[in-house]
Amino acid sequence: MTQERLKFGREGESAALSFLKKKGYRILEKNFRSKVGEIDIIAEQDGVIVFVEVKTRADHEFGHPYDALTPAKQRKIIQTAQSFLVQKRISDKTIRFDVVAVTSNAEGPDPWKIELLQNAFQV
1 MTQERLKFGR
11 EGESAALSFL
21 KKKGYRILEK
31 NFRSKVGEID
41 IIAEQDGVIV
51 FVEVKTRADH
61 EFGHPYDALT
71 PAKQRKIIQT
81 AQSFLVQKRI
91 SDKTIRFDVV
101 AVTSNAEGPD
111 PWKIELLQNA
121 FQV
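Counting in my numbering, the sequence shown runs from 1 upward without gaps.
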(Lines of atoms letter the chains of each structure in order from A; the text may use other names.)
(Lines give C-alpha, C1' and ligand atoms only; values in the text may rest on other atoms or scores of the structure.)
Protein backbone atom coordinates (compact mmCIF):
# COMPACT_ATOMS: atom_id res chain seq x y z
CA MET A 1 0.00 0.00 0.00
CA THR A 2 1.39 3.39 -0.94
CA GLN A 3 2.13 6.09 1.61
CA GLU A 4 -0.58 8.24 0.03
CA ARG A 5 -3.23 5.53 0.50
CA LEU A 6 -2.09 4.92 4.08
CA LYS A 7 -2.39 8.65 4.80
CA PHE A 8 -5.85 8.74 3.19
CA GLY A 9 -6.95 5.79 5.35
CA ARG A 10 -5.60 7.40 8.53
CA GLU A 11 -7.45 10.63 7.71
CA GLY A 12 -10.65 8.64 7.20
CA GLU A 13 -10.19 6.88 10.55
CA SER A 14 -9.59 10.23 12.24
CA ALA A 15 -12.83 11.58 10.74
CA ALA A 16 -14.64 8.43 11.92
CA LEU A 17 -13.28 8.89 15.45
CA SER A 18 -14.57 12.46 15.65
CA PHE A 19 -17.92 11.35 14.25
CA LEU A 20 -18.27 8.53 16.79
CA LYS A 21 -17.34 10.77 19.72
CA LYS A 22 -20.08 13.20 18.68
CA LYS A 23 -22.49 10.25 18.64
CA GLY A 24 -21.64 9.43 22.27
CA TYR A 25 -19.11 6.67 21.76
CA ARG A 26 -16.31 6.57 24.34
CA ILE A 27 -13.14 5.43 22.58
CA LEU A 28 -11.35 2.62 24.41
CA GLU A 29 -8.72 1.67 21.87
CA LYS A 30 -7.57 2.32 18.31
CA ASN A 31 -5.95 -0.16 15.94
CA PHE A 32 -6.10 -3.14 18.30
CA ARG A 33 -4.06 -6.00 16.86
CA SER A 34 -4.08 -9.72 17.57
CA LYS A 35 -2.53 -12.70 15.79
CA VAL A 36 -5.63 -12.90 13.62
CA GLY A 37 -6.19 -9.29 12.61
CA GLU A 38 -6.89 -5.71 13.56
CA ILE A 39 -9.90 -3.75 14.74
CA ASP A 40 -9.86 -0.08 13.81
CA ILE A 41 -11.76 1.30 16.80
CA ILE A 42 -13.03 -0.22 20.02
CA ALA A 43 -15.47 1.94 21.92
CA GLU A 44 -18.20 1.85 24.50
CA GLN A 45 -21.67 3.29 24.03
CA ASP A 46 -24.39 3.00 26.66
CA GLY A 47 -22.60 0.11 28.37
CA VAL A 48 -22.11 -1.85 25.13
CA ILE A 49 -18.61 -2.67 23.85
CA VAL A 50 -18.57 -1.70 20.17
CA PHE A 51 -16.03 -3.02 17.67
CA VAL A 52 -15.89 -0.62 14.74
CA GLU A 53 -14.52 -1.31 11.28
CA VAL A 54 -13.78 1.85 9.29
CA LYS A 55 -13.89 1.67 5.50
CA THR A 56 -12.53 4.73 3.70
CA ARG A 57 -12.98 5.26 -0.03
CA ALA A 58 -12.33 8.11 -2.44
CA ASP A 59 -15.59 7.35 -4.27
CA HIS A 60 -18.02 4.53 -5.01
CA GLU A 61 -16.37 3.53 -8.29
CA PHE A 62 -15.57 0.09 -6.91
CA GLY A 63 -18.74 -0.21 -4.83
CA HIS A 64 -19.90 1.11 -1.50
CA PRO A 65 -17.37 0.92 1.34
CA TYR A 66 -19.65 -1.59 3.11
CA ASP A 67 -19.12 -3.98 0.20
CA ALA A 68 -15.51 -4.49 1.33
CA LEU A 69 -16.70 -6.17 4.53
CA THR A 70 -16.64 -9.76 3.28
CA PRO A 71 -17.65 -12.77 5.40
CA ALA A 72 -13.93 -13.62 5.76
CA LYS A 73 -13.19 -10.10 7.04
CA GLN A 74 -16.13 -10.38 9.45
CA ARG A 75 -14.73 -13.65 10.84
CA LYS A 76 -11.33 -12.01 11.40
CA ILE A 77 -12.95 -9.08 13.20
CA ILE A 78 -14.97 -11.45 15.41
CA GLN A 79 -11.86 -13.49 16.29
CA THR A 80 -9.89 -10.32 17.02
CA ALA A 81 -12.75 -9.02 19.19
CA GLN A 82 -12.67 -12.29 21.14
CA SER A 83 -8.93 -11.80 21.70
CA PHE A 84 -9.57 -8.28 23.00
CA LEU A 85 -12.26 -9.49 25.40
CA VAL A 86 -10.03 -12.27 26.76
CA GLN A 87 -7.00 -9.97 27.07
CA LYS A 88 -9.02 -7.32 28.93
CA ARG A 89 -10.92 -9.94 30.97
CA ILE A 90 -14.29 -8.67 29.81
CA SER A 91 -17.02 -11.27 29.98
CA ASP A 92 -20.09 -9.50 31.29
CA LYS A 93 -20.72 -6.89 28.60
CA THR A 94 -22.94 -6.86 25.56
CA ILE A 95 -20.96 -6.44 22.34
CA ARG A 96 -21.82 -5.04 18.93
CA PHE A 97 -20.11 -4.75 15.55
CA ASP A 98 -20.51 -1.44 13.70
CA VAL A 99 -19.14 -0.21 10.40
CA VAL A 100 -18.35 3.39 9.54
CA ALA A 101 -18.17 4.16 5.83
CA VAL A 102 -16.09 7.25 5.08
CA THR A 103 -16.16 8.61 1.54
CA SER A 104 -14.35 11.63 0.16
CA ASN A 105 -16.88 14.43 -0.33
CA ALA A 106 -15.45 16.88 -2.87
CA GLU A 107 -18.85 18.44 -3.55
CA GLY A 108 -20.00 19.22 -0.01
CA PRO A 109 -18.90 21.62 2.70
CA ASP A 110 -17.35 18.78 4.72
CA PRO A 111 -14.37 16.85 3.33
CA TRP A 112 -16.00 13.51 4.25
CA LYS A 113 -19.36 11.84 3.91
CA ILE A 114 -19.72 9.55 6.93
CA GLU A 115 -22.30 6.79 7.33
CA LEU A 116 -22.75 4.58 10.39
CA LEU A 117 -24.15 1.08 10.19
CA GLN A 118 -24.82 -0.19 13.71
CA ASN A 119 -25.06 -3.94 14.24
CA ALA A 120 -23.53 -4.49 10.81
CA PHE A 121 -23.08 -8.19 11.55
CA GLN A 122 -23.34 -10.58 14.48
CA VAL A 123 -21.42 -13.46 15.99
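Where is the CB? At the ideal position from N, CA and C, for every residue including glycine. Given the structure is predicted, the values throughout are model-derived calculations rather than measurements.
Let's see if you can read the secondary structure: which residues bound the beta strand (DSSP E) around residue i?
{"i": "Gln122", "result": "No beta strand (DSSP E) contains Gln122, which DSSP labels as neither H nor E."}
{"i": "Ile49", "result": "48-57"}
{"i": "Ala43", "result": "38-45"}
What residue range does the alpha helix (DSSP H) around residue i cover?
{"i": "Ser28", "result": "Reading off the sequence, residue 28 comes out as Leu, not Ser. Per DSSP, Leu28 belongs to no alpha helix (DSSP H); it is in the beta strand (DSSP E), 26-33."}
{"i": "Ser91", "result": "It is not in any alpha helix (DSSP H) - Ser91 carries neither H nor E in the DSSP assignment."}
Helix, strand or coil for residue i, going by three-state DSSP, please let me know.
{"i": "Arg5", "result": "helix"}
{"i": "Lys73", "result": "helix"}
Should residue i be labelled buried (16 or more other beta-carbon atoms within 10 Å of its own) or exposed?
{"i": "Ala120", "result": "buried"}
{"i": "Glu29", "result": "exposed"}
{"i": "Glu38", "result": "exposed"}
{"i": "Thr2", "result": "exposed"}
{"i": "Glu4", "result": "exposed"}
{"i": "Leu6", "result": "exposed"}
{"i": "Asp40", "result": "buried"}
{"i": "Ala132", "result": "In the structure displayed, the chain extends from 1 to 123; residue 132 sits before or after that span and is not available."}
{"i": "Val102", "result": "buried"}
To which residues does DSSP link residue i through a beta bridge?
{"i": "Lys113", "result": "Thr103"}
{"i": "Ile95", "result": "Ile49"}
Report the CB separation of residue i from residue j in whole angstroms; it is logged as a contact under 8 Å.
{"i": "Glu53", "j": "Val86", "result": "With a Cβ gap of about 20 Å, Glu53 and Val86 do not count as contacting."}
{"i": "Arg89", "j": "Val48", "result": "Not confirmed; about 17 Å, so no contact."}
{"i": "Gln79", "j": "Val50", "result": "That belief does not hold up - the Cβ atoms of Gln79 and Val50 are roughly 17 Å apart, past 8 Å."}
{"i": "Ala68", "j": "Lys55", "result": "5 Å"}
{"i": "Asp45", "j": "Gly12", "result": "Note that residue 45 corresponds to Gln in the displayed sequence, not to Asp. At roughly 20 Å, the Cβ-Cβ gap does not stay under 8 Å, so Gln45 and Gly12 are not in contact."}
Cβ-heavy atom distance between residue i and the ligand NAP below 6 Å?
{"i": "Leu117", "result": "This structure lacks the ligand NAP, and indeed carries no ligand of any kind."}
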